[in-house]
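Enquirer:
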Amino acid sequence: MKIEQSDVSLFSSYQKSHKIEEYEQLRIWNNEESASAQIKNGDRLELSNEFKKMEQGAKFNISEDNSFDISVDTKLMAIIRALEAMTGRKINLSLYRHDNSSNRSEIADMRAKNNSQDENTPQRLGWGIDYSYSRSEVSSEELKFSASGNVRTKEGAQIDFKLAFNMSRSVATHESLSFKAGDALIDPLVLNFGGNTVTMSDIKHTFDLDFDGKDDEFSFVGEGSGFLALDKNGDGKINDGSELFGPTLGNGFDELSEYDEDGNMWIDESDSVFEKLFIWTKDEEGKEELYMLKEKNVGALYLGSVLSAFDLQDTQNNLVAKMRESSIFLKENGGAGMLQEVDLKV
Numbered sequence: 165m166k167i168e169q170s171d172v173s174l175f176s177s178y179q180k181s182h183k184i185e186e187y188e189q190l191r192i193w194n195n196e197e198s199a200s201a202q203i204k205n206g207d208r209l210e211l212s213n214e215f216k217k218m219e220q221g222a223k224f225n226i227s228e229d230n231s232f233d234i235s236v237d238t239k240l241m242a243i244i245r246a247l248e249a250m251t252g253r254k255i256n257l258s259l260y261r262h263d264n265s266s267n268r269s270e271i272a273d274m275r276a277k278n279n280s281q282d283e284n285t286p287q288r289l290g291w292g293i294d295y296s297y298s299r300s301e302v303s304s305e306e307l308k309f310s311a312s313g314n315v316r317t318k319e320g321a322q323i324d325f326k327l328a329f330n331m332s333r334s335v336a337t338h339e340s341l342s343f344k345a346g347d348a349l350i351d352p353l354v355l356n357f358g359g360n361t362v363t364m365s366d367i368k369h370t371f372d373l374d375f376d377g378k379d380d381e382f383s384f385v386g387e388g389s390g391f392l393a394l395d396k397n398g399d400g401k402i403n404d405g406s407e408l409f410g411p412t413l414g415n416g417f418d419e420l421s422e423y424d425e426d427g428n429m430w431i432d433e434s435d436s437v438f439e440k441l442f443i444w445t446k447d448e449e450g451k452e453e454l455y456m457l458k459e460k461n462v463g464a465l466y467l468g469s470v471l472s473a474f475d476l477q478d479t480q481n482n483l484v485a486k487m488r489e490s491s492i493f494l495k496e497n498g499g500a501g502m503l504q505e506v507d508l509k510v
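Every letter in the sequence shown is one number past the one before it in this note's numbering, and letter 337, counting from 1, is 501.
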């Protein structure tokens with residue numbers, strides 16, 4: 165072949181990206197008044213002043229002062245060290261002060277009294293730690309090449325051509341872990357049947373949220389949202405936090421998944437609990453209602469969830485709750501809505 169004349173166009177493009185997203189949260193709370201009488205009168209673990217500063221984001225060095233005895237559960241420290249090894253990050257926890265000043269005979273009497281009560285009743289410690297970490301990494305590379313043109317040979321042949329190829333690759337990794345100690349967080353599941361996401365009302369509600377026998381005051385969810393509830397005793401009302409999903413174990417999605425009888429990651433009509441679930445709402449005038457799921461067009465609840473931390477405020481910009489995790493539910497008409505886990509401030 166002998167080329168007499170040619171017109172050739174070449175084109176290429178190249179893109180490469182590397183994106184890393186990390187989320188880390190450490191929450192610590194100490195509310196001794198919520199602890200059970202048994203724990204209050206027995207051995208206590210007090211948070212040091214340095215430890216409490218962590219909640220405000222302060223940095224500190226642990227003092228070597230030996231003015232008080234140090235007592236830390238070895239299993240707890242092993243878990244913390246494992247978390248540090250997995251994440252490559254230092255979890256700067258201070259130590260606990262151990263107090264043995266309580267009268268031993270009073271402790272024995274109190275324990276005997278509490279042991280006679282229902283063993284299934286959870287004991288509130290009055291303190292807790294919740295650590296969450298997630299990391300997503302996405303790497304991608306793409307090359308595009310194209311060529312076109314026409315050639316006339318000396319032999320009189322006319323050649324028109326087009327040629328193209330694409331090369332691409334993408335690698336995504338995700339890792340997450342969580343660690344909890346102490347009391348479960350008060351974080352019930354919320355169904356948003358009237359909007360995209362949860363909102364909080366200015367109305368305060370008094371209710372035994374952590375089922376310790378004492379009423380807690382908290383902001384109720386706003387219009388178009390309601391707490392997912394299970395009327396366990398069939399009395400037509402929600403009596404305490406044990407009939408919500410979240411306050412018992414500290415993770416509403418885990419609690420709800422216990423009712424997934426066919427293991428398909430959905431709570432739907434194939435699960436016997438579906439027809440027993442309610443949406444607990446309260447309007448701006450304080451009127452409470454219980455709706456069956458289908459009354460609000462809810463057809464199935466998805467049990468998978470992702471971290472979605474966000475502060476929730478009332479109309480006066482006061483912090484009243486924190487969004488924690490988000491998922492979806494399917495509507496009977498084929499749409500979708502938000503199912504979220506919310507930490508309530510009490």
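In this text, a Cβ means the ideal position worked out from N, Cα and C, and glycines have one as well.
Could you check the C-alpha separation between SER472 and ALA336 for me, to the nearest Å?
Expert: On the sequence shown, residue 472 is found 308 positions in, with the first residue counted as 1. On the sequence shown, residue 336 is found 172 positions in, with the first residue counted as 1. Going by the C-alpha atoms only, they are around 19 Å apart.
Enquirer: With DSSP as the reference, label GLY405 as helix, strand or coil.
Expert: Stepping through the sequence shown from its first residue, residue 405 is reached at position 241. GLY405: helix per DSSP, three-state reduction.
Enquirer: Can you name the residues that DSSP bridges to VAL335?
Expert: Residue numbering aside, residue 335 sits at position 171 when the sequence shown is read from its first letter. Looking at the DSSP assignment, VAL335 forms a beta bridge with SER303.
Enquirer: Would you be able to state if there are at least three C-beta pairs under 8 Å between the segment 452-466 and the segment 425-443?
Expert: The answer is yes - the segment 452-466 touches the segment 425-443, with three or more Cβ pairs under 8 Å.
Enquirer: Please list the terminal residues of the continuous beta strand (DSSP E) segment that includes ASP366.
Expert: Here residue 366 refers to the residue found at position 202 of the sequence shown. ASP366 -> beta strand (DSSP E) spans 364-371.
Enquirer: State yes or no: is the C-beta of PHE384 within less than 9 Å of the C-beta of LYS368?
Expert: By 1-based counting over the sequence shown, the position of residue 384 is 220. By 1-based counting over the sequence shown, the position of residue 368 is 204. Their beta carbons are under 9 Å apart, which means PHE384 touches LYS368 by this criterion.
Enquirer: So which of VAL172, LYS180, GLU185 has the shortest CA-CA distance to ARG333?
Expert: Along the sequence shown, one-based indexing puts residue 333 at 169. Closest by alpha carbon: LYS180.
Enquirer: Rounded to the nearest angstrom, what separates ILE431 and PHE391 at their Cα positions?
Expert: By 1-based counting over the sequence shown, the position of residue 431 is 267. By 1-based counting over the sequence shown, the position of residue 391 is 227. Those two C-alpha atoms are separated by around 16 Å.
Enquirer: Does the distance from the CB of LYS166 to the CB of LYS308 come in under 9 Å?
Expert: The count along the sequence shown starts at 1 and reaches residue 166 at position 2. The count along the sequence shown starts at 1 and reaches residue 308 at position 144. No, they are not a contact pair.
Enquirer: By DSSP, does PHE375 sit in helix, in strand, or in coil?
Expert: Your numbering for residue 375 matches position 211 in the sequence shown. In the structure shown, PHE375 sits in coil (DSSP, three-state: anything other than H, G, I, E or B).
Enquirer: Under three-state DSSP, which class holds GLY410?
Expert: As a working note, residue 410 is residue 246 in the sequence shown. Note: GLY410 maps to coil in three-state DSSP.
Enquirer: Could you name the residues that DSSP lists as bridge partners for TYR187?
Expert: Numbered from its first residue, the sequence shown carries residue 187 at position 23. Partner(s): SER298.
Enquirer: In its own chain, which residues sit with a C-beta less than 6 Å from the C-beta of TYR455, not counting the 5 before and 5 after it?
Expert: Walking along the sequence shown from the start, residue 455 turns up at place 291. These residues qualify, in order along the chain: ILE443.
Enquirer: Identify which residue in PHE357, ILE350, VAL362 has its Cα closest to the Cα of ASP380.
Expert: Within the sequence shown, the letter at position 216 stands for residue 380. Of the candidates PHE357, ILE350, VAL362, the one whose C-alpha sits nearest the C-alpha of ASP380 is ILE350.
Enquirer: Kindly identify the DSSP beta-bridge partner or partners of GLN169.
Expert: Walking along the sequence shown from the start, residue 169 turns up at place 5. In DSSP, GLN169 forms a bridge with ARG316.
Enquirer: What separation, rounded to the nearest whole angstrom, lies between the Cα atoms of GLU496 and GLY427?
Expert: Position 332 of the sequence shown, counted from the start, is the residue given in the question as residue 496. Position 263 of the sequence shown, counted from the start, is the residue given in the question as residue 427. Computed Cα separation, rounded: 21 Å.
Enquirer: How is the alpha helix (DSSP H) around PHE417 delimited, first residue to last?
Expert: Here residue 417 refers to the residue found at position 253 of the sequence shown. 416-421 is the span of the alpha helix (DSSP H), which, as asked, contains PHE417.
Enquirer: Provide the residue span of the beta strand (DSSP E) that contains PHE438, from first to last.
Expert: Here residue 438 is taken as the residue at index 274 of the sequence shown, counted from 1. Careful: PHE438 lies outside any beta strand (DSSP E) and carries neither H nor E.
Enquirer: What does a CB cutoff of less than 6 Å around GLU301 pick up in its chain, not counting 5 residues either side in sequence?
Expert: Locating residue 301 in the sequence shown gives position 137, where the first residue counts as 1. For GLU301, where only same-chain residues beyond five positions count, the Cβ hits under 6 Å are ILE184, THR337.
Enquirer: Do you know whose CA, among GLU305, ALA321, ARG245, lies nearest SER170's CA?
Expert: The residue labelled residue 170 in the question sits at position 6 within the sequence shown. If we check each option's Cα against that of SER170, ALA321 comes out closest.
Enquirer: With C-beta atoms as the reference, is GLY501 less than 9 Å away from ASN360?
Expert: Against the sequence shown, residue 501 aligns to sequence position 337. Against the sequence shown, residue 360 aligns to sequence position 196. Yes. Within cutoff.
Enquirer: From the DSSP secondary-structure annotation, give me the bridge partner or partners of ALA500.
Expert: Position 336 of the sequence shown holds residue 500. For ALA500, which the question treats as bridged, DSSP gives the partners LEU494.
Enquirer: What is the rounded straight-line gap between the Cα of PHE175 and the Cα of VAL506?
Expert: As a working note, residue 175 is residue 11 in the sequence shown. As a working note, residue 506 is residue 342 in the sequence shown. PHE175 and VAL506: Cα-Cα distance of roughly 52 Å.
Enquirer: Suppose contacts are defined by Cβ-Cβ distances below 9 Å. Is LEU394 in contact with LEU408 by that definition?
Expert: Indexing the sequence shown from 1 puts residue 394 at position 230. Indexing the sequence shown from 1 puts residue 408 at position 244. A contact, by the Cβ cut-off of 9 Å.
Enquirer: For ARG488, is the classification buried or exposed, using 16 other Cβ atoms within 10 angstroms of its Cβ as the cut-off for buried?
Expert: Mapped onto the sequence shown, residue 488 falls at position 324. Buried, by the Cβ-count rule.
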